[in-house]
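If you read the sequence shown in our numbering, its first letter stands for residue 184, the second for the next number, and so on. All C-beta atoms in this analysis are idealised placements derived from N, C-alpha and C, irrespective of residue type, glycine included. The block underneath contains the structure these notes are about, expressed in structure tokens.
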Amino acid sequence: MDEPKELEKFDDKIEQEIRIEPKDWMPDDYRKMLIRQISQHAHSEIVGMLPEANWITRAPSLRRKATLLAKVQDEAGHGLYLYCAAETLNISREEMVDQLLSSRAKYSSIFNYPTLSWADMGTIGWLVDGAAIMNQVPLCRASYGPYARAMTRICKEESFHQRQGYEILLTLCRGSKEQKAMAQDSLNRWWWPSLMMFGPNDDASPHTAQSMKWKIKRFSNDELRQKFVDVCKEQADILGITIPDPNLKWNEERGHYDFGEINWDEFWNVIKGNGPCNKERLQARIEAHENGAWVREAALAHAEKKKVLVNY
Ligand code: BYC
């Protein structure tokens, strides 16, 4: 089939909500858009293990330690499903990892902030995993099959993560005055960076319009951010802590909460590599990659040996 006919068939599938699969013809730009988003999503899961890993040895009880350990392991799993989904688009794992380690690929801005207290484990689960769910549930309907299927499983686990985080905060908020103050301090530090997870405002987002046309993204950055604010306000009220935004007010006419202006200078600064922990996070990944070289070499040698045995 010539290209215009292939394109027509592709557009038709998108229109009719028929999933695009790895062996199907797809426009180059669709492939590039997916590789960009899925690989950066995978990097976010992997780098996202670092802030919480910081607290595994200091979790306050065996139950908390086991749960946090399991959560951090889940994030590794998410990274792996997503790298596999991206590999179906004809990019190798090595190339994606190289893009991350050489700062040519991004990962979520949120993981460049430090985890200073135990309450941060609760806040990350509540807000960071909460924002992730808000963004990722619609991605279960993304037009590219392998991405959508990976997201279905990831969302189930994220939902558990969100609840474990909220439960940590509920315990702190119902505890001593000092514990509640720790929860409030944590919310103060994580609230605005969590809103930044949804990306720039729609009018400053170069990819949203095309991504929505191709039904990769189903909602815009601002639509998802608004839904998140609406849900979190109610949840903060139950915890009895205050979202640090004096402009957060119910707007009867819109049926949503109005909220204050995000500090976009801070957002772009973090994305450019100048956030509080960017250098530390990247260094940790570079060291993990270098220290893991022997595992990759051993696995390859083992695979070669098996090939020889099979051929023998
Ligand atoms: N941080 O045109 P836009 C998790 C970049 S991990 C950094 O709106 P798009 C978890 C954007 O990439 C969850 N960069 O782009 C893990 C683009 O740059 P490039 C991570 C950002 O793609 C461990 C430029 O800004 N979730 O749940 O249409 C523990 C313009 O943006 C950010 C995902 O990855 C940001 N916040 O929309 C706990 C979800 N925002 O690529 C939890 C999948 C924007 O042109 N990704 N940029 O160089 C998406 O849904 C979309 O890619 C985004 C951005 C909404 C993030």
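beta-carbon residue i near the ligand BYC non-hydrogen atom, thresh 8 Å
i: M232; result: yes
i: P205; result: no
i: V311; result: yes
i: P383; result: yes
i: Q319; result: yes
i: M279; result: no
i: M380; result: yes
i: T391; result: yes
i: I469; result: no
i: R202; result: no
i: A315; result: yes
i: G219; result: According to the sequence as given, residue 219 is Arg; it is not Gly. Within the cutoff, so yes.
i: F411; result: no
i: K400; result: yes
i: S285; result: no
i: F294; result: yes
i: K289; result: yes
i: Q223; result: yes
i: L322; result: yes
i: N452; result: no
i: I307; result: yes
Residue i: first and last residue of the uninterrupted beta strand (DSSP E) it sits in
i: H439; result: 439 to 441
i: K432; result: 432 to 434
Unbroken alpha helix (DSSP H) run spanning residue i, endpoints
i: N318; result: 313 to 319
i: A242; result: From DSSP, A242 is part of no alpha helix (DSSP H); its letter is neither H nor E.
i: S286; result: Counting along the chain, S286 falls outside any alpha helix (DSSP H), and DSSP gives it neither H nor E.
i: K206; result: No alpha helix (DSSP H) holds K206; DSSP gives it neither H nor E.
i: P329; result: 328 to 356
i: C415; result: 404 to 422
i: E444; result: Here E444 belongs to no alpha helix (DSSP H), and DSSP marks it neither H nor E.
i: G231; result: Counting along the chain, G231 falls outside any alpha helix (DSSP H), and DSSP gives it neither H nor E.
i: K398; result: That residue, K398, is in no alpha helix (DSSP H); it is neither H nor E in DSSP.
i: N474; result: 461 to 474
i: M365; result: 360 to 379
i: K196; result: 186 to 198
i: G456; result: Looking at the DSSP string, G456 is not in any alpha helix (DSSP H), and its letter there is neither H nor E.
i: I305; result: Here residue 305 turns out to be Gly, not Ile, going by the sequence shown. Here the alpha helix (DSSP H) through G305 covers 302 to 306.
Counted within 10 angstroms of its Cβ, other Cβ atoms place residue i as buried (16 or more) or exposed
i: P376; result: buried
i: K206; result: exposed
i: G497; result: A query on residue 497 cannot be resolved here, the shown segment of the chain reaching from 184 to 495 and no further.
i: A387; result: exposed
i: R336; result: exposed
i: E270; result: buried
i: H485; result: exposed
i: Q256; result: exposed
i: K400; result: buried
i: T240; result: exposed
i: I421; result: exposed
i: K488; result: exposed
i: L479; result: Rather than Leu, the amino acid found at residue 479 in this sequence is Arg. R479 is exposed by the Cβ-count criterion.
i: E361; result: exposed
Rounded separation between residue i and residue j - CA only
i: G423; j: C356; result: 7 Å
i: A476; j: S285; result: 17 Å
i: W374; j: I426; result: 7 Å
i: L265; j: R214; result: 15 Å
i: S222; j: C323; result: 16 Å
i: M279; j: A288; result: 8 Å
i: G262; j: L251; result: 17 Å
i: I560; j: I229; result: Residue 560 lies beyond the range of the chain shown here (184 to 495); nothing can be said about it.
i: A315; j: D413; result: 15 Å
i: H472; j: G328; result: 30 Å
i: P243; j: T354; result: 12 Å
i: N461; j: F450; result: 13 Å
i: Y290; j: D281; result: 13 Å
i: Q345; j: F402; result: 21 Å
i: A481; j: F343; result: 35 Å
i: A253; j: A302; result: 18 Å
i: E258; j: K416; result: 26 Å
i: V311; j: P187; result: 42 Å
i: H226; j: G260; result: 12 Å
i: F442; j: H390; result: 24 Å
i: K490; j: R276; result: 21 Å
* Meets three-Cβ-pair contact criterion under 8 Å: the stretch 295 to 304 and the stretch 452 to 459 -> Yes, since at least three Cβ pairs between the stretch 295 to 304 and the stretch 452 to 459 fall closer than 8 Å, the two stretches touch.
* Sufficient close CB pairs (3 or more, under 8 Å) joining the stretch 326 to 333 to the stretch 360 to 375 -> The stretch 326 to 333 is not in contact with the stretch 360 to 375.
* Segment contact, 8 Å Cβ cut-off, at least three pairs: the stretch 306 to 319 with the stretch 184 to 200 -> No, because fewer than three Cβ pairs between the stretch 306 to 319 and the stretch 184 to 200 fall closer than 8 Å, the two stretches do not touch.
* Asked: Does the stretch 429 to 445 come close enough to the stretch 221 to 241 that 3 or more CB-CB pairs lie under 8 Å?
  -> Contact between the stretch 221 to 241 and the stretch 429 to 445 is absent, because fewer than three Cβ pairs lie under 8 Å.
* To do: Inspect the CB distances between the stretch 462 to 479 and the stretch 425 to 434 and report whether three or more fall short of 8 Å.
  => Short answer: they don't touch.
* **Sufficient close CB pairs (3 or more, under 8 Å) joining the stretch 338 to 356 to the stretch 405 to 412** => Contact fails: fewer than three Cβ-Cβ distances are below 8 Å.
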